[in-house]
Amino acid sequence: MTPTHYLVTGAAGFIGSHFVHGLLAPRENAAAAQVEVTALDSLTYAGDPVNLGPAWNDPRFRFVHGDIGDAPLVRALMRPGTVVVNFAAESHVDRSIVDAGAFVRTNVLGTQTLLDAALHSGVRCFLQVSTDEVYGSVEHGAWTEGAPVAPNSPYAASKASADLLALAYARTHALDVRVTRCSNNYGPRQHPEKLIPRFVTALLAGETVPLYGDGGNVRDWLHVSDHCRALWTVLERGTPGEVYNIGGGVQLANRELTGLLLDACGADWSSVRRVEDRKGHDRRYCVDDTKLRALGHLPLVPFEQGLADTIGWYREHRGRWDGGGAAAPLPAHS
Ligand code: NAD
């Protein structure tokens, strides 16, 4: 049997690296023996080859250092039957507020370059990994996939643009495109500019942490392994041309989450400093993921367990992140 070839972009980042590990692991992927993985990553500040760990010694794996916006390169990495999973992105909202250029280049133009290459290479499927942030803030209830996109940050606007382009390629060219929109992820190996690792690494180092505004902004949290499992479900049982929301079911205001992190790290509220709110800070995100659950997906990692394991990982890997929390150039958060 010919192995299925996966092109995983952004594979040296947080979620992409977990996805690659799952692809190659027989325990998580029954067809692992029959896969071949090409990991493409330009290794921005957010990408780290160390994240790919054991994959480096796996004969089914190869790494390509390059940019998703490089048309000849991405075309050369695809062939008929390839499954493209696009994680590559500029992913930090605060950075997009300071400078949106890289977000448009990678998230919009890069995705369009990948879509064009996919179209001309006869790929089997193109999975666009997106975010609940494209819907914008929701005061009550939850967005379904039918809700219009109404992004507020330049990051969310760039991801929404990419989603719309991907769906346009499905409708115009009948390319098998699937789009997923996931809530906030947490887990080992997340870059310390994001809320949970930022706070954990700082608190473990005895430093203070910055909490935006009144801390009342609500996010829905999902363990990264459950996100990856959901992506599998969409690849295996999803319908081409469709969007699937992926929710965590754990809604927490940032100040509630901060309380949990303080307790877990043996600190108290004197370690928290209030900082001016993020510009245009969305108050609440929440997606309805009934459509995904109808495909048989359920998150498996209980939040308390997942959070404790994640904090344990940062404790055990201090060398990797030492000073990371304090050194991050921007205030905080996902
Ligand atoms: P990350 O920032 O940890 O990783 C992004 C990776 O993409 C890095 O390895 C980086 O080097 C690479 N990259 C950036 N620009 C590139 C380019 N032009 N060409 C090739 N590689 C490039 O991000 P993450 O948290 O792992 O997120 C992965 C994807 O999932 C993103 O598309 C993001 O929008 C989406 N997402 C993230 C979350 C979350 O909570 N982290 C939630 C929902 C969706």
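Per our numbering, residue -11 is the first one in the sequence shown, and the count goes up by one each step.
Heads up, the beta-carbon is just placed ideally off N, CA and C, and yes, glycines get one too.
Please say whether residue j and residue i have beta carbons closer to each other than 9 Å?
{"i": "residue 103", "j": "residue 174", "result": "no"}
{"i": "residue 142", "j": "residue 91", "result": "yes"}
{"i": "residue 110", "j": "residue 68", "result": "yes"}
{"i": "residue 222", "j": "residue 115", "result": "yes"}
{"i": "residue 270", "j": "residue 236", "result": "no"}
{"i": "residue 323", "j": "residue 65", "result": "Beyond the ends of the chain as shown, which are -11 and 322, falls residue 323; an answer cannot be given."}
{"i": "residue 0", "j": "residue 29", "result": "yes"}
{"i": "residue 163", "j": "residue 259", "result": "no"}
{"i": "residue 257", "j": "residue 249", "result": "no"}
{"i": "residue 241", "j": "residue 203", "result": "yes"}
{"i": "residue 230", "j": "residue 303", "result": "no"}
{"i": "residue 122", "j": "residue 308", "result": "no"}
{"i": "residue 295", "j": "residue 218", "result": "no"}
{"i": "residue 133", "j": "residue 272", "result": "no"}
{"i": "residue 20", "j": "residue 31", "result": "no"}
{"i": "residue 124", "j": "residue 144", "result": "yes"}
{"i": "residue 10", "j": "residue 170", "result": "no"}
{"i": "residue 84", "j": "residue 34", "result": "no"}
Indicate, with yes or no, if ligand 1 has a heavy atom lying under 8 Å from the CB of residue i.
{"i": "residue 93", "result": "yes"}
{"i": "residue 18", "result": "no"}
{"i": "residue 57", "result": "yes"}
{"i": "residue 224", "result": "no"}
{"i": "residue 291", "result": "no"}
{"i": "residue 100", "result": "no"}
{"i": "residue 1", "result": "yes"}
{"i": "residue 32", "result": "yes"}
{"i": "residue 51", "result": "no"}
{"i": "residue 285", "result": "no"}
{"i": "residue 36", "result": "yes"}
{"i": "residue 105", "result": "no"}
{"i": "residue -3", "result": "yes"}
{"i": "residue 125", "result": "no"}
{"i": "residue 276", "result": "no"}
{"i": "residue 96", "result": "no"}
{"i": "residue 79", "result": "yes"}
For residue i, count neighbouring Cβ atoms within 10 angstroms of its own Cβ and tell me buried if that reaches 16, exposed if not.
{"i": "residue 177", "result": "buried"}
{"i": "residue 278", "result": "exposed"}
{"i": "residue 288", "result": "exposed"}
{"i": "residue 15", "result": "exposed"}
{"i": "residue 252", "result": "buried"}
{"i": "residue -10", "result": "exposed"}
{"i": "residue 147", "result": "buried"}
{"i": "residue 120", "result": "buried"}
{"i": "residue 161", "result": "exposed"}
{"i": "residue 320", "result": "Caution is warranted here: a pLDDT of 48 is assigned to residue 320, below 50, making its placement in the model unreliable, and the coordinate value is therefore given only provisionally. Burial call: buried."}
{"i": "residue 286", "result": "exposed"}
{"i": "residue 211", "result": "buried"}
{"i": "residue -4", "result": "buried"}
{"i": "residue 300", "result": "exposed"}
{"i": "residue 225", "result": "exposed"}
{"i": "residue 117", "result": "buried"}
{"i": "residue 207", "result": "buried"}
By how many angstroms is the C-alpha of residue j removed from the C-alpha of residue i?
{"i": "residue 261", "j": "residue 246", "result": "11 Å"}
{"i": "residue 23", "j": "residue 254", "result": "44 Å"}
{"i": "residue 233", "j": "residue 130", "result": "10 Å"}
{"i": "residue 77", "j": "residue 8", "result": "16 Å"}
{"i": "residue 209", "j": "residue 168", "result": "16 Å"}
{"i": "residue 72", "j": "residue -2", "result": "11 Å"}
{"i": "residue 45", "j": "residue 290", "result": "32 Å"}
{"i": "residue 306", "j": "residue 107", "result": "44 Å"}
{"i": "residue 75", "j": "residue -6", "result": "12 Å"}
{"i": "residue 200", "j": "residue 81", "result": "13 Å"}
{"i": "residue 187", "j": "residue 180", "result": "8 Å"}
{"i": "residue 6", "j": "residue 283", "result": "22 Å"}
{"i": "residue 292", "j": "residue 184", "result": "13 Å"}
{"i": "residue 228", "j": "residue 113", "result": "8 Å"}
{"i": "residue 154", "j": "residue 3", "result": "20 Å"}
{"i": "residue 57", "j": "residue 49", "result": "22 Å"}
{"i": "residue 18", "j": "residue 152", "result": "32 Å"}
{"i": "residue 63", "j": "residue 101", "result": "9 Å"}
{"i": "residue 93", "j": "residue 243", "result": "34 Å"}
{"i": "residue 53", "j": "residue 36", "result": "11 Å"}
{"i": "residue 198", "j": "residue 205", "result": "14 Å"}
{"i": "residue 317", "j": "residue 172", "result": "Confidence is the limiting factor: at residue 317 the pLDDT is only 42, short of 50, which leaves the residue's position unreliable, though a coordinate-based value still follows. When rounded, the distance between both Cα atoms is 21 Å."}
Kindly say whether residue i, judged by its beta-carbon, lies nearer than 9 Å to any beta-carbon of chain D.
{"i": "residue 293", "result": "Absent from the structure is chain D; it holds one protein chain and no more."}
Whole runs of the beta strand (DSSP E) within the stretch 56 to 135, excluding any shorter than 3 residues: Along the length of the stretch 56 to 135, whole beta strand (DSSP E) runs at least 3 residues long occupy 71 to 74, 113 to 119, reported in chain order.
Unbroken stretches of the beta strand (DSSP E), 3 residues or longer, contained in the stretch 121 to 208: 165 to 170, 172 to 174, 197 to 200
Contiguous alpha helix (DSSP H) assignments of at least 4 residues, all confined to the stretch 226 to 255: 242 to 252
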